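What follows is a single structure, written as C-alpha cells, with notes after it.
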C-alpha cells in the first residue's frame, strides 16, 4: 500500500537557520503531495501542495518540489522563525481513494 | 470564507458509552473525511462521505460509523467506547470527489474515554 516516510524528529533550530525536513513516499499511480502544519492544540493546516512531477509548492517562505525520480517532497525554508515551531506532516493523496496517507510528523522547535 | 468546523471541541465519555462528533464542511464542499489522531499512532483515515454516501472506509471496526446529511454536514458515531478510542478526531472536506486529493481540515474534537 501507499506510505509516507518523514525524517525523524524532533528538530531544533535557532532563529534564521535553514530548515529541511525530508519526506519520501511509496505509491502507485500519480499521487498529489502535501505538507500540513499542526500548531499545539489545533487541527491541520494545509501549508503547500504539488499535484504533478516537478511542481513546486510554496507558501509563507516554505517550499517543496515534487521529485518523481527520487519519490521525494522535501520541505525547505531559508530562514525559520520562532512562530514556525509546530509539527509538520507530509502526506499523499489520490483522488480515487479519497484518503490521505500521512507521515508520522516532525516536530520543529525554533529557539530565539 | 468559513473553514471546516467541528463540535464539540472536547468530549469526555466513559468506557462502553457512545460518542457523537459533528462536522460542517466548507461551503460548497460535498465530500467529508474523518481521521483519527491517536497518540503514538499518527493520523489514520476513518471514513469518506460524498453526496450522502460512504465512499471509502479505513481499517476500523464497525462500531465506528457515520453519516452525511443533505446539507453535507457529517456525524461520526463511536459505539461501545474503549480506552484506546481516546484521540483527536479530525474532519476534513473537499470540493467533491474530483478534488478529493485536496482536503481542508477542521480543528478537531478531542475525545477522552475514561
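Residue numbers (the working numbering), protein chains in the order written: chain A, -6 to 105; chain B, 33 to 146.
Cβ coordinates follow ideal geometry from the N, Cα and C atoms, glycine included.
Predicted model only: the values in this text are computed from it and were never measured.
(request) Sort A/13, A/29, A/57, A/-6 by Cα distance to residue 0 of chain A and report the nearest one. (result) A/13
(request) Taking residue 92 of chain A as the query, report the chain B residues whose CB atoms sit under 8 Å from its CB, ordered along the chain. (result) 65, 77, 80, 88, 90
(request) State the DSSP-derived secondary structure class of residue 115 of chain B, mapped to helix, strand or coil. (result) The answer is helix: DSSP assigns residue 115 of chain B an H, G or I state.
(message) Along the chain, where does the beta strand (DSSP E) containing residue 104 of chain B start, and where does it finish?
(response) Unbroken run through residue 104 of chain B: none, as it is neither H nor E.
(request) Compute the Euclidean distance between the alpha carbons of residue 57 of chain A and residue 104 of chain B, then round it to the nearest angstrom. (result) 33 Å
(message) My output table needs one value for residue 60 of chain A: the three-state DSSP class, helix, strand or coil.
(response) strand
(message) So that I know if they touch, is there some Cβ in chain A lying closer than 8 Å to that of residue 137 of chain B?
(response) yes
(request) Leaving out five residues on either side along the sequence, give the residues of the same chain with a beta carbon under 8 Å from the beta carbon of residue 48 of chain B. (result) Annotation for residue 48 of chain B: 112, 113 place their beta carbon closer than 8 Å to its own, counting only its chain and skipping 5 residues before and after.
(message) Taking its Cβ as the centre, do 16 or more other Cβ atoms sit within 10 Å of residue 50 of chain A, making it buried, or is it exposed?
(response) buried
(request) Using a cut-off of 8 Å between C-beta atoms, extract the partners of residue 97 of chain A located in chain B. (result) 74
(request) Please confirm if residue 134 of chain B has its CB atom under 8 Å from at least one CB of chain A. (result) Proximity of residue 134 of chain B to chain A, defined by a Cβ-Cβ separation below 8 Å, is satisfied.
(request) Write down the C-beta distance between residue 58 of chain B and residue 125 of chain B rounded to the nearest angstrom, noting that I regard them as a contact closer than 8 Å. (result) 5 Å
(request) Specify the secondary structure class of residue 124 of chain B as computed by DSSP and reduced to three states. (result) Residue 124 of chain B falls in the strand class under three-state DSSP.
(message) I'd like to know whether the C-beta atoms of residue 64 of chain B and residue 136 of chain B end up nearer to each other than 8 Å.
(response) no
(request) Quick one: give me the first and last residue of the beta strand (DSSP E) that residue -1 of chain A is part of. (result) Looking at the DSSP string, the run of the beta strand (DSSP E) that includes residue -1 of chain A is -4 to -1.
(request) Locate the beta strand (DSSP E) running through residue 86 of chain B, then write down its first and last residues. (result) 85 to 89
(message) Using a Cβ-Cβ cutoff of less than 7 Å, which residues in the same chain neighbour residue 95 of chain A once the five nearest sequence positions on both sides are dropped?
(response) -3, 82, 84
(request) Alpha carbon to alpha carbon, how far is residue 68 of chain B from residue 110 of chain B? Give it in angstroms, no decimals. (result) 12 Å
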